[in-house]
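In the working numbering, the protein residues as written are 7 to 75.
Given below as structure tokens:
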């Protein structure tokens, strides 16, 4: 689990960088804004190589965020 800690920290740092589209009566999460994530990762002095790990977490999060209630 320790090996995933830097990726989790980076993902949480990017948590305000979601692209969201408003449809009739709902919001659809499209994905993370990678340009904004790059800026965030540089500010917290995190390796940009973690982006691959962030994408895996993003894919899992999108399924949950876009579930119909």
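Backbone N, C-alpha and C fix where the C-beta goes; we use that ideal spot for every residue, glycine too.
Answer with buried or exposed for residue i, where buried requires no fewer than 16 other C-beta atoms within 10 angstroms of its C-beta.
i	result
residue 60	buried
residue 41	exposed
residue 20	buried
residue 55	exposed
Assuming residue i is part of the beta strand (DSSP E), what are its boundary residues?
i	result
residue 56	Unbroken run through residue 56: none, as it is neither H nor E.
Which two residues bound the contiguous alpha helix (DSSP H) that contains residue i?
i	result
residue 14	11-19
residue 29	Where residue 29 is concerned, there is no enclosing alpha helix (DSSP H), given that its DSSP letter is neither H nor E.
residue 44	40-49
When the Cα of residue i is compared with those of the options, which residue comes out closest?
i	options	result
residue 44	28, 17 and 62	17
Can you confirm whether the segment 46-56 touches the segment 25-34 when touching is taken to mean that 3 or more C-beta pairs between the two stretches lie within less than 8 Å?
At 8 Å Cβ cutoff, the stretches do not touch.
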